[in-house]
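S.K.: Listed in order, the protein sequences are those of chains A and B.
Per numbering that gives the first Met the number 0, the very first residue in the first sequence carries number 0; after that it's consecutive.
Per numbering that gives the first Met the number 0, the very first residue in the second sequence carries number 0; after that it's consecutive.
Note that the Cβ used here is the ideal one computed from N, Cα and C, for glycine as well.
For clarity, every value in this text was computed on a predicted model and none was experimentally measured.
Can you read through this structure? Questions will come right after.
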Amino acid sequence: MSDNHAPRTASQRVAWITTVVVASLVLVFLMAPILAIMPLSFSSGSYLTYPLPGFSLRWYEDFLNSPRWVSSLKNSVIIGVASTILSMVLGTLASLGLAQWKSKFKPLVLAIVLSPVVVPGVITAVGLYFFFAPLGLTGSYAGLILAHTALSTPFVVITVSATLQSFDMNLARAAASLGASPIYAFRRVILPLILPGLASGALFAFATSFDEVVVVLFMAGPEQRTLPREMFSGIRENISPTITAAAVILTTISVILLATLEALRRRNERLKGNLR
Amino acid sequence: MTAAFVAGADASSEVPLKRRLKRAERTRRLKALALILPLLLFLLFTFLGPIAGMLWRSVDDWEVRQVMPHTVAALADWDGKDVPGEPAFAALAGDIRTARDAGTVAIASKRLNYALNGFRTIMSGTARNLKTLPEPGNAKDTLIAINPAWGERATWAAIKGASGPLTSFYLLGALDLTRNVDGAIVAAPEEQAIYRDVFGRTFTISLGVTVLCLILGFPVAYMLATLPTGQSNVLMIFVLLPFWTSLLVRTCAWIVVLQSEGIVNDSLRWIGLIDEPLRLIYNRFGVYVAMTHVLLPFMILPLYSSMRSISPAYMRAAASLGASPVTAFLRIYLPQTVPGIGAGSLLVFILAIGYYITPALVGGAADQMISYFIAFYTTETVNWGLASALGAVLLLATLLLAVVYGKLVHGQQVTGGMKN
């Protein structure tokens, strides 16, 4: 694969170098804005420009001393964790069911289960706003947790189903033949093997809820504002360096999630490699 | 035990075994369904129900029906050719009196005002000036004396058109259409006919972003697919990290970079290329830049995976058969990336047409896409019927594209399986 396009002639070499240059510029385009705002959060001045007048942590201090920002971070974590747990339970059960279920309706059910990913955020948000308002679920944690669960479960189903597909059902049969009850077999044989897949699913679910802002925009009262929601108002009003501090905090959390996922994926591939 | 089982199997005929198998199969299926059911019920409550509710709102016409039931009944047989007779006026007077006491005049007049501009004033004025119920037989004269508009056919046609229970009013409105006094579908008045423009703009921006993503994403995917795995895994971080970074962070970053006191303008001024800051954000340019940045990974990832599966042997074969590198690329390599291009482009386009946050933050008033208007009519000027109708059109477009996407990706999997 690596010598796929190993340049053989001069013109090929030129073509390849051009590709690499253009592609590298695009990669810079992808990373630059994110990298550009990070140092600004450590500025001692209040203007968002370079060169920085000096280094300080005052904007992080500002973030931590502001009840608005701190409570928004807390809300994001509460809603993220609760909706992750709920979507893990619902999504894992459904994936186990889907793995065994053979029916001509399966594509339809799968389409329904995955549809929250495809439907534009505004439509989901408006529908929920109309539907939850008479039930008293707008402006409540419960409403947001339910909504975020609906949005994250598809990712759990995708990840867990993929894991189950590579799972050897003979292991479950072996456990059963040795006298394990289905629940015991699940707990001691299936669960440990699919655990990395479940963890990836949970990370996806948490990231989905942690990033979501459209539904929060419609449904959250002042008490439930999440970090992205607070950033949305901050960007609307005027961008202060405190927002860049919030952005760095959010990005750090994303990087941790991504790194964990990548580690899980590597571990999984290594295990698969060993089995072969 | 085994012996006994075998003997038993021998003794019994084929049918019970078949039946037993069938029963076992059915229990299995029921167990599987029982595991899926909780999620389906949950989605019914938190997703399908709400969306069905929204679709219902786009055709539901309850206001006039509920506030003015007698008028609606009296107009049931009205042919619409002339101003209706005395009974309709009497019913209207009665309804308005009742509504005034119940405080529901505003509900009906808001709906009627959508159908006929100025109806709100007619209703409120009539409700205020109708001190007592008119004498029997005198309703028509009394009401026309209060407001001559009651003597016009258009006023009554508006009530008739809004008397439900279902209406095509909002859906037609979402397509810049309306019904005239005679009930025929005609173009909406110019000052209301903005939605075709908005849909067109949504389409143009989404298409532009898709093309930009393809142009920028193709070389990246090609390089990542061609480099050795170790190197491409490292470079992949440049794609995955932005992909995982919050949308708000990325949008915020672009504002910081592109605003008039931002990094780009400052650098250009410092170099001496410009004297006045360029306007790079809060306009169409900013929308294209930010949306392309956000959606680019959705193009690169499918392209990358389709390119990875192209065997280098094809290109070698083409070269050995005398094809020039350009010919080999255009005739052999490019056609094999078409499924990846299709999947990536559709995915980016589907995501783009529903975008709300990014255009709302980095676009100007003339760059807002359809989602902005849905949100606007839901929370700012409360016109839930129109918001729902616009939502229904957007939903239909998205689902159609999603079905095409599903077929495309599924087809790829099938052919991929055959290749293996």
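Select from the region 242-256 of chain A all residues with a C-beta closer than 8 Å to any C-beta belonging to chain B, and list them in chain order.
M.R.: Residues of the region 242-256 of chain A with a C-beta atom less than 8 Å from some C-beta of chain B are Ile242, Thr243, Ala246, Leu249, Thr250, Ser253, Val254, Leu256, listed in chain order.
S.K.: So with Cβ pairs under 9 Å, would you call Asp210/A a contact of chain B?
M.R.: yes
S.K.: Tell me the DSSP secondary structure of Arg224/A in three-state form.
M.R.: Residue state, collapsed to three classes: coil.
S.K.: Do the region 356-368 of chain B and the region 281-288 of chain B touch if we need at least three Cβ pairs shorter than 8 Å?
M.R.: yes
S.K.: What do you get for Trp58/A, buried or exposed, if any count of 16 or more other CB atoms within 10 angstroms of its CB means buried?
M.R.: Per the 10 Å Cβ criterion, buried.
S.K.: Along the chain, which unbroken stretches of the alpha helix (DSSP H) at least 4 residues long are found entirely within the region 179-267 of chain B?
M.R.: 194-225, 228-243, 246-257
S.K.: Take Ala171/A and list the residues in its own chain whose beta-carbon comes closer than 7 Å to its own, dropping the five residues that flank it on each side.
M.R.: Ala184, Val188, Ile189
S.K.: Using a Cβ cut-off of 9 Å (strictly closer), state whether Ser245/B contacts chain A.
M.R.: yes
S.K.: 9 Å is my cut-off, CB to CB: does Gln223/A come that close to chain B?
M.R.: no
S.K.: Count the other CB atoms, across all protein chains shown, that sit within 10 Å of the CB of Phe168/B; report buried if there are 16 or more and exposed otherwise.
M.R.: buried
S.K.: Looking only at DSSP bridge pairs, what is Phe209/A linked to?
M.R.: DSSP, once it has assigned bridges, lists no residue as partnering Phe209/A.
S.K.: For the alpha helix (DSSP H) holding Ile151/B, just list the boundary residues, first then last.
M.R.: Here residue 151/B turns out to be Glu, not Ile, going by the sequence shown. Element bounds for Glu151/B: n/a, residue is neither H nor E.
S.K.: Could you check whether the Cβ of Ile122/A sits closer than 9 Å to any Cβ belonging to chain B?
M.R.: yes
S.K.: Would Asp94/B count as contacting chain A if we go by Cβ distances under 9 Å?
M.R.: Asp94/B does not count as touching chain A.
S.K.: Sort Ile369/B, Leu215/B, Ala391/B by Cα distance to Leu302/B and report the nearest one.
M.R.: Leu215/B
S.K.: Is it the case that the Cβ atoms of Gly353/B and Gly120/A are separated by a distance below 9 Å?
M.R.: yes
S.K.: How should Gln223/A be labelled, buried or exposed, when 16 other C-beta atoms within 10 angstroms of its C-beta is the threshold for buried?
M.R.: buried
S.K.: Report yes or no: is there a C-beta of chain A within less than 9 Å of the C-beta of Glu459/B?
M.R.: The structure shown does not extend to residue 459/B, since chain B spans only 0 to 419, so no value can be given for it.
S.K.: Alpha carbon to alpha carbon, what distance is there between Ser310/B and Thr225/B?
M.R.: 11 Å
S.K.: When DSSP labels each residue in this structure, what does Tyr166/B get in the three-state scheme?
M.R.: In the sequence as displayed, the identity of residue 166/B is Thr instead of Tyr. Three-state DSSP puts Thr166/B in coil, outside helix and strand.
S.K.: In or out: Asn264/B buried (at least 16 other Cβ within 10 Å) or exposed?
M.R.: buried
S.K.: Going by other Cβ atoms of all chains shown within 10 Å of its Cβ, with 16 needed for buried, is Gly321/B buried or exposed?
M.R.: exposed
S.K.: Express the C-alpha separation of Gly96/A and Arg25/B in angstroms, rounding to a whole number.
M.R.: Computed Cα separation, rounded: 14 Å.
S.K.: Could you tell me the alpha carbon to alpha carbon distance between Leu132/B and Ile158/B, rounded to whole angstroms?
M.R.: So the alpha carbons of these two residues sit roughly 20 Å apart.
S.K.: Let me know if Pro115/A comes out buried or exposed under the rule of 16 or more other beta-carbons within 10 Å of its beta-carbon.
M.R.: buried
S.K.: Assuming contact is defined by CB atoms lying nearer than 9 Å, are Leu249/A and Leu247/B in contact in what I supplied?
M.R.: yes
S.K.: With H, G and I counted as helix, E and B as strand and the rest as coil, what does DSSP make of Phe203/A?
M.R.: helix
S.K.: What in chain E is Cβ-close to Arg56/B, meaning under 7 Å?
M.R.: You won't find chain E in this structure, because its protein chains are A and B.
S.K.: Are Thr225/A and Val213/A touching if we call contact CB-CB under 9 Å?
M.R.: Against a cut-off of 9 Å, the Cβ pair of Val213/A and Thr225/A comes out as no contact.
S.K.: Would you mind telling me which residues of chain A sit closer than 7 Å to Arg27/B, beta carbon to beta carbon, in chain order?
M.R.: Gln99
S.K.: Scan the region 61-109 of chain A and note each continuous alpha helix (DSSP H) run of 4 residues or more that stays entirely inside, going in chain order.
M.R.: 66-99
S.K.: Under three-state DSSP, which class holds Asn419/B?
M.R.: Here the model assigns Asn419/B a pLDDT of 30, short of 50, so the residue's position is not dependable, and the following value carries that caveat. Coil at Asn419/B, not helix or strand.
S.K.: Measure from the C-beta of Ser319/B to each C-beta in chain A and report whether the shortest distance is under 9 Å.
M.R.: no
S.K.: Mind checking who Ser42/A pairs with in its DSSP beta bridge?
M.R.: Answer is Phe54/A, bridged to Ser42/A.
S.K.: List, in chain order, every chain A residue whose beta-carbon is nearer than 9 Å to that of Trp61/B.
M.R.: None at all; the shortest Cβ gap to chain A is about 14 Å.
S.K.: Quick one: list the residues of chain A neighbouring Ser370/B, beta-carbon separation under 7 Å, in chain order.
M.R.: Pro119, Val121
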